[in-house]
Structures are given as structure tokens and as C-alpha cells.
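Position one of the sequence shown corresponds to residue 9 (this note's numbering), numbered consecutively onward.
Cβ coordinates follow ideal geometry from the N, Cα and C atoms, glycine included.
Since the structure is predicted, the reported quantities are computational estimates derived from the model, not experimental observations.
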Amino acid sequence: MTARLLDGRALARAIENSLRDEAATFTGMFHRRPRLVVVLVGDLAASASYVKGKQQAAERVGVDSEVIRVAAAATTDSLVTLVRAIAAGSHGPADGILVQLPLPEHVDAVAVLDAVPPERDVDGFHPENAGLLSQGRPRFIPCTAAGVQRMLLDAGIETAGRHAVIVGRSDIVGKPLALLLAAKGRGGDATVTLCHSRSEDLADHCRRADILVAAVGRPRLVTADMVKPGAAVIDVGINRIDEAGGSRLVGDVDFDAVKEVAEWISPVPGGVGPLTVAMLLANTLLAAELRS
Ligand code: GUN
């Protein structure tokens with residue numbers, strides 16, 4: 009069997025098309041475009057490339073964006089001050105404020121993220137937004153988790169009553185996705201197992217999954233023997249590996265082998281990544297609407 013492909017690129021374009029209409033309606037009503045301000049600290053090539061992708065998508069949809077670049081040597085205090093200044097309007101209207109992660113090791117990332125006002129926290133990382141999500145009344149849902157749920161919904165992959173196994177307990181993906189899939193209602197009602205680096209018998213847990221989500225950042229961690237025949241496998245990993253002749257991106261799933269076992273599989277690149285960006289723009293529009 010060869011699995012059906014979950015094409016995140018095509019779905020992201022379809023979502024962008026409807027967001028473009030929504031952004032135009034906003035602009036018509038309030039005589040300005042929704043606006044996103046991104047703080048990019050240091051010079052990690054991967055972060056710069058993700059931020060560029062976010063800016064390009066914003067442009068396609070009709071959302072203004074500005075990237076504020078800060079040297080890697082910036083202190084926690086200076087970044088907290090910058091985020092507060094952005095919220096106060098120092099860099100123009102800021103409906104959404106995003107601090108690109110990871111931050112340099114010497115920076116207290118929690119302090120910087122907590123400085124983003126919760127009503128502009130388009131990443132959904134602020135404790136107020138995390139709390140609302142955990143109580144089943146989400147405002148800003150972390151973009152990658154929202155993208156995974158959207159991918160399942162779009163493909164008509166049933167979650168209710170089914171067993172979802174998530175590998176990776178990060179605040180950015182694993183934890184919010186566990187809450188989303190376990191929540192009552194459409195795209196939820198799943199039985200969720202959240203695995204992590206201390207889980208015993210990881211392969212056994214994975215083999216019991218109807219929906220298996222890999223979000224750990226370990227190249228090809230999920231192999232074919234860890235997948236139940238007929239499962240949906242969603243790959244959140246983006247890992248750059250060196251190979252003869254150059255480097256390339258691979259996910260956390262051994263795609264070529266797993267596609268012979270699974271019924272659905274998301275590729276890397278072209279899977280969850282583009283949906284993360286589309287969800288960020290959806291959150292930015294929501295922030296603009298909430299503020300106006
Ligand atoms: N770095 C990797 N993923 C993300 C994300 O979803 N948001 C931010 N701010 N940084 C990231």
C-alpha cells in the first residue's frame with residue numbers, strides 16, 4: 009500500500025485565499041491593513057528563512073508585516089523593553105507580535121514571551137492563552153498545533169473516539185495539540201497519549217496510534233515498524249541533515265518506509281510547515297479584529 013499524501017502546501021493556499029477576503033474586508037472597514045510585527049534575534053539561518061516565509065505569506069494575504077532584527081548579544085531586559093515598546097506603538101500598529109524562537113541561550117525566553125500582551129499573542133504562547141486553550145475556550149491557538157488539527161479535518165480523518173499518539177511534549181506543539189485533540193467537539197474527542205524522551209516502550213505506544221504525530225526534531229525517529237497499518241501519520245519535524253552532495257530537509261518520520269504502511273502521511277517539506285504559516289495569518293487577522 010502507498011499512503012495518501014496530506015498536501016499542506018495546497019491546503020495552506022486555499023486557507024490563504026479565504027484569509028485574503030477576510031483581510032480585504034477588515035481593510036475596507038478600518039481603512040488600514042492588519043499588521044504583524046516580528047522580532048528576530050541573532051542570525052540563525054533557519055529562523056531567518058521561516059520569518060521570510062511568514063512575511064511572503066503575509067504579503068500574499070494583504071497583511072502588513074515588519075521584522076525587527078536584533079543582535080544575538082541582546083539581553084533579556086533589552087528584549088522585554090523592546091516588546092513592550094512595540095506593544096505601545098513604537099513600530100507602528102502591531103495587531104500581532106511574534107518573537108521568533110529559539111532565542112539565544114543567555115536570554116530568558118519565558119520573560120520575553122510573557123511581555124507580549126495576551127491579546128496580541130498570535131503564537132498563543134502567553135500563559136493566558138495557554139490557560140484558555142486548556143479550559144476549552146481557545147483564543148489564539150499555537151499555530152503548528154492548529155495546523156495539524158486543520159490538516160486532519162480537511163482530509164476527513166476522524167478524531168472522535170480514536171487514539172492519537174503525540175511524540176514530543178513541547179509547549180509549542182505537543183502540549184497544545186494534546187489539548188486540542190482531547191477537547192470536546194469537531195476535530196477533538198480523541199483519546200490522547202503524549203509521549204516524550206522518558207517514555208518507555210515508545211514503539212509500542214506508537215503502534216497503538218490511529219493518528220500518530222511526530223514532533224521531536226529527531227530525523228527519521230518514526231520507522232515503519234512503529235506504525236499501525238492504516239494509521240494517519242503527521243510529521244512536524246524539520247531537520248536539516250548532511251548527505252553526500254549537500255544537505256536536505258527531512259522530518260521525524262522515515263517517509264519512504266512509513267508510506268507503505270500508513271493510510272495517510274504528511275511530507276517534509278510541504279506538509280505541516282505551510283499550514284503553520286497560514287494559521288499565524290489567521291491568528292493575526294483575529295488579533296486585528298479583536299483590537300478594532
Ligand atoms: N520557531 C519554531 N516554531 C515557532 C513558532 O511556532 N513560533 C515562533 N515564534 N518561533 C518558532
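Heavy atom of the ligand GUN less than 7 Å from the Cβ of residue i, yes or no?
| i | result |
| --- | --- |
| valine 107 | yes |
| threonine 292 | no |
| isoleucine 180 | yes |
| aspartate 131 | yes |
| cysteine 151 | yes |
| threonine 284 | yes |
Quick check on residue i - is its C-beta less than 8 Å from some C-beta in chain D?
| i | result |
| --- | --- |
| valine 45 | Reference to chain D is not applicable here, since this structure consists of a single protein chain. |
Measure the C-alpha to C-alpha separation of residue i and residue j and round it to an integer number of angstroms.
| i | j | result |
| --- | --- | --- |
| phenylalanine 263 | aspartate 85 | 43 Å |
| alanine 172 | alanine 154 | 15 Å |
| lysine 236 | valine 261 | 14 Å |
| glycine 139 | valine 88 | 22 Å |
| valine 230 | isoleucine 165 | 20 Å |
| glutamate 30 | proline 146 | 20 Å |
| glycine 254 | arginine 248 | 10 Å |
| phenylalanine 148 | aspartate 179 | 14 Å |
| alanine 265 | alanine 96 | 51 Å |
| arginine 215 | glutamine 108 | 34 Å |
| leucine 13 | cysteine 151 | 21 Å |
| threonine 83 | aspartate 218 | 45 Å |
| arginine 68 | alanine 22 | 12 Å |
| glutamate 136 | proline 126 | 6 Å |
| methionine 159 | leucine 283 | 8 Å |
| serine 73 | glutamate 297 | 16 Å |
Round the Cβ separation of residue i and residue j to the nearest angstrom and send it over; I've been treating them as touching at under 8 Å.
| i | j | result |
| --- | --- | --- |
| valine 276 | isoleucine 246 | 6 Å |
| leucine 106 | leucine 44 | 7 Å |
| alanine 20 | alanine 290 | The Cβ separation is near 11 Å, so there is no contact. |
| valine 49 | alanine 93 | About 15 Å separates the two Cβ atoms, so there is no contact after all. |
| aspartate 122 | histidine 134 | 7 Å |
Short check: CB of residue i to CB of residue j, under 8 Å?
| i | j | result |
| --- | --- | --- |
| proline 61 | threonine 35 | Sequence check: residue 61 is glycine here, not proline. Result no, Cβ atoms of glycine 61 and threonine 35 do not sit closer than 8 Å. |
| threonine 10 | lysine 267 | yes |
| alanine 295 | glutamate 271 | no |
| leucine 185 | glycine 196 | no |
| isoleucine 174 | leucine 210 | no |
| glycine 16 | serine 274 | yes |
| histidine 213 | serine 207 | yes |
| isoleucine 242 | valine 156 | yes |
| glycine 281 | alanine 223 | no |
| leucine 90 | valine 75 | no |
| lysine 192 | glycine 132 | no |
| valine 221 | valine 244 | yes |
(message) So within the region 97–122, which uninterrupted beta strand (DSSP E) runs reach at least 3 residues, ignoring any that extend past its ends?
(response) As far as the region 97–122 is concerned, its whole beta strand (DSSP E) runs of at least 3 residues are 104–107.
(request) Report the residue ranges of all beta strand (DSSP E) runs contained in full by the region 205–241; include only those spanning at least 3 residues, in chain order. (result) 219–222, all fully within the region 205–241.
(request) Go through the region 128–175 residue by residue and report every complete run of the beta strand (DSSP E) that reaches 3 residues or more, in order. (result) Counting only runs of 3 or more residues that sit fully inside the region 128–175, the beta strand (DSSP E) segments are 171–175, in chain order.
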